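Below, the structure written as structure tokens:
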């Protein structure tokens, strides 16, 4: 394909003298092949193609870092392939190119000119660096030698499986000492504390069906690494699993289940589970889908666990599409473009062929891609159907709207058209979890992390329509605790889903979504009313009398508000619960084992007597049928974690 890219402008010039039908046809065929192969189909862009070699022997240089700048701003970076080649899709204009490789002098060219629909070819020879003695210190500590260099020079920042690598050169032997560093970003999670019921009788939060944290944590553990604490969102670990809740009745789109048990990590406390179960629908009951795949094909996605994994995941989804479904493909790198117009779900070969042609390269214009994807979804909107954008990325946006606040505002505006959003996160090292969680929440959507093909099968196979079809939106839960029965409570997880008590009845306030067949589970750790524990550190109020209200036997009242997917007015479900109703089944036992596991990973101050051994024992006892083996997978993770945290 690179050869065709070079031949095309030359053959086109020959056509000036050989104006024949055959030649025109030949040129057209080459043009069509190139256009089809481009990840930026339908874009006004040019191609920058080059090869990097050793100036002393002509050998190709692999893994050289190639950077593109425009107006002083870096807009793309990529590493050369094994044959030394690289390519960028760029808008027409002037650029600066910089190439850095270990053991070679840096190369810079400030006169790169790109023309739309043309290929600019470069042959770059790098000269081996000249060694200069400037070694000033050698430290020997605990039999480990560290070389420190005077005026140390920055060597290339190279992406690797574990993240970016930063190096400094020691000029005496031209060697590089590399230090791994990680640019992954996670929002800080400040765990919920105990609230005394007298002063805080209401607990209000938005449901969360995201499951990204679980598979992301699994990625850390399978690489024999402790997870980043803030990557562990306990509610997402709990909600990775389905639970045995009943189907809804009375016309509601989901059922409400409440269970109780003793707290495993604190024998003086109790646990209460609140579970929702979305109605199960088969594919014949689900309306036609209008889907737009939005794929990040920027340079940062050019790793085996990123774009190649995304392509395989999406092909798995395509195999499960129905003839009534439609799908379009939009890509974004330095710019955004349409690779496949909206196409019927029965044209699987056409769709898969478009996915196979995708290649990574360039910078990441995320905002531009989102705008285009929503425009395509709106253009093909199916009234009463399932209209959704599915964004796959590592979240490393760096062109256009890129800050978290900008992206959230952009998505909030787009959701007004009735188009939902799903996000698939991939990769490591530069993974931007914090950004993707925010925009998924803003887009009435869900967020999953794909760490392997089995997870792709789970998301797009066993849970396909739960992932893609929403049966209730803006789902909020508010619980009022009775101080005669409960002294204090703590919501486990959901820290970034908390709402003000006034938000519960405010239909303008956005909240979470539930897909068909989805389960949502929340756990409360309860301190009984007769406990002698001191909870509040607040001075007594001077102007209000604090008193315990009526002698109701109810322990709490659970209220749930939701809207229909196309509705603007919420509906209310109310359940009153007394202690006698609270039974312990495998649901609360397994959910509590996952919660305890999450607290151990976070090294939580509330973990009490928690241990991996008790998690393992309770999870095995409560694993139930486990048709797909997800709970067995969890038990293996517990074993692995016990060894890592010793």
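Numbering (this note's numbering), first residue to last: 355 to 1000. Ideal placement from N, C-alpha and C gives every residue a C-beta, glycine not left out. What you are looking at is a predicted structure, and each value in this text was computed from that prediction instead of being measured.
Legend entry - Alpha-carbon to alpha-carbon, residue 901 and residue 894: So the two alpha carbons sit approximately 12 Å from each other.
Inset, instruction - On a CA-only basis, which of 626, 570 and 559 is nearest residue 843? Give me that one, please. - result: Nearest in C-alpha terms to residue 843, of all of 626, 570 and 559, is 626.
Legend entry - Whole beta strand (DSSP E) elements within the stretch 604-662, 3-residue minimum: DSSP runs (the beta strand (DSSP E)) wholly in the stretch 604-662: 608-616, 624-632 and 643-650.
Inset, instruction - Would you mind working out which of 651, 550, 441 and 657 sits nearest residue 684, comparing C-alpha positions? - result: For the residues 651, 550, 441 and 657, the minimum Cα distance to residue 684 belongs to 651.
Inset, instruction - With DSSP as the reference, label residue 679 as helix, strand or coil. - result: If DSSP states are grouped into helix, strand and coil, residue 679 belongs with coil.
Legend entry - Close beta carbons around residue 964, own chain, < 6 Å, minus the five adjacent residues each side: Exclusion of the five residues before and after residue 964 leaves 619, 950, 953 and 954 as the residues of its chain whose Cβ lies within less than 6 Å of its Cβ.
Inset, instruction - Buried or exposed for residue 866, please, with buried defined as at least 16 other CB atoms from any protein chain shown within 10 angstroms of its CB. - result: Around the beta carbon of residue 866, a 10 Å sphere encloses 16 or more other beta carbons of the protein chains shown; the residue is thus reported as buried.
Legend entry - Nearest residue (CA-CA) to residue 741, options 710, 891, 995 and 825: Taking only the C-alpha atoms, the option nearest residue 741 is 825.
Legend entry - residue 738 beta carbon less than 9 Å from that of residue 819: A distance of 9 Å or more separates the beta carbons of residue 819 and residue 738.
Inset, instruction - Name the two residues that bound the continuous alpha helix (DSSP H) containing residue 566. - result: For residue 566, the enclosing alpha helix (DSSP H) starts and ends at 566-576.
Inset, instruction - Compute the distance between the beta-carbons of residue 593 and residue 927, then report whether it is under 9 Å. - result: It is not a contact, given that the beta carbons lie outside the stated cut-off.
Legend entry - Boundaries of the beta strand (DSSP E) in which residue 926 is found, first to last residue: Per DSSP, residue 926 is one residue of the beta strand (DSSP E) stretching across 925-932.
Inset, instruction - Determine, using beta-carbon pairs with one atom in the stretch 791-799 and one in the stretch 655-675, whether at least three such pairs fall under 8 Å. - result: In the pairwise beta carbon analysis, the stretch 791-799 is classified as not touching the stretch 655-675: fewer than three pairs are separated by under 8 Å.
Inset, instruction - Within 10 angstroms of the Cβ of residue 687, are there 16 or more other Cβ atoms? Answer buried if so, exposed if not. - result: Note on residue 687: 16 or more other CB atoms within 10 angstroms of its CB, so buried under the neighbour-count rule.
Inset, instruction - Take residue 461 as the anchor and find which of 479, 985, 470 and 444 has the nearest alpha-carbon. - result: Of the listed residues, the one whose Cα sits closest to residue 461 is 479.
Legend entry - Residues that DSSP places opposite residue 405 in a beta bridge: Per DSSP, 439 and 477.
Inset, instruction - Using only alpha-carbon positions, find the residue among 888, 839 and 846 that is nearest to residue 905. - result: Checked all of 888, 839 and 846; the closest Cα to residue 905 is 839.
Inset, instruction - Could you check the C-alpha separation between residue 539 and residue 788 for me, to the nearest Å? - result: When rounded, the distance between both Cα atoms is 6 Å.
Legend entry - Chain-order list of residues whose beta-carbon lies under 6 Å from that of residue 889 (same chain, five-residue window excluded): Counting only residues of its own chain and dropping the five nearest sequence neighbours on each side, residue 889 has a CB closer than 6 Å to the CB of 548, 550 and 842.
Legend entry - Limits of the unbroken alpha helix (DSSP H) element including residue 335: The chain is shown only over 355 to 1000; residue 335 falls outside these bounds and no answer can be derived.
Legend entry - Nearest to residue 934 (by Cα), restricted to the options 912, 709 and 907: Considering only alpha carbons, the answer is 907.
Inset, instruction - Measure the Cβ-Cβ separation of residue 597 and residue 875 and say whether it is below 9 Å. - result: Yes, the Cβ-Cβ distance between residue 597 and residue 875 is below 9 Å.
Legend entry - Contact between the stretch 442-459 and the stretch 411-421 (3+ Cβ pairs under 8 Å): Contact holds: three or more Cβ-Cβ distances are below 8 Å.
Inset, instruction - Verify whether the separation of the beta carbon atoms of residue 832 and residue 558 is less than 9 Å. - result: Residue 832 is a Cβ neighbour of residue 558, given a cutoff of 9 Å.
Legend entry - C-alpha distance - residue 835 paired with residue 429, whole-angstrom precision: Roughly 54 Å between the two C-alpha positions.
Legend entry - Stretch pair the stretch 849-862 + the stretch 806-818: three plus CB contacts closer than 8 Å: With a cut-off of 8 Å, the stretch 806-818 and the stretch 849-862 do not count as touching, because too few Cβ pairs lie within range.
Inset, instruction - May I have the straight-line CA-CA distance separating residue 922 from residue 773, to the nearest angstrom? - result: Near 14 Å, if we compare the C-alpha coordinates of residue 773 and residue 922.
Inset, instruction - Determine, using beta carbons only, whether residue 973 and residue 985 come nearer to each other than 9 Å. - result: Yes, they are a contact pair.
Inset, instruction - Quick one: residues in its chain with C-beta nearer than 6 Å to the C-beta of residue 799, no 5 flanking neighbours on either side, listed in chain order? - result: Within its own chain, the residues whose Cβ lies closer than 6 Å to the Cβ of residue 799, once the five positions on either side in sequence are excluded, are 774, 775 and 776, listed in chain order.
Legend entry - Exposed unless 16 or more other CB atoms sit within 10 angstroms - verdict on residue 817: By the neighbour-count rule (16 or more Cβ atoms within 10 Å), residue 817 is buried.
Inset, instruction - Report the rounded CA-to-CA distance for residue 712 versus residue 567, giving the unit in angstroms. - result: In this structure, the straight-line span from the alpha carbon of residue 712 to that of residue 567 is close to 28 Å.
Inset, instruction - Kindly indicate the opening and closing residues of the beta strand (DSSP E) around residue 1019. - result: Residue 1019 falls outside the range modelled here, since the chain spans only 355 to 1000, and no answer is possible.
Inset, instruction - Check each candidate in 802, 760, 708 and 748 and name the one with the smallest Cα separation from residue 781. - result: It is 748 whose Cα lies nearest to the Cα of residue 781.
Inset, instruction - Starting from residue 796, follow the alpha helix (DSSP H) in both directions and report where the run begins and ends. - result: Here the alpha helix (DSSP H) through residue 796 covers 787-796.
Legend entry - N-terminal and C-terminal residue of the beta strand (DSSP E) that residue 820 is part of: Residue 820 -> not in any beta strand (DSSP E); alpha helix (DSSP H) instead, spanning 818-822.
Legend entry - Sheet register partners of residue 801 (DSSP bridge): Bridge partners of residue 801: 777.
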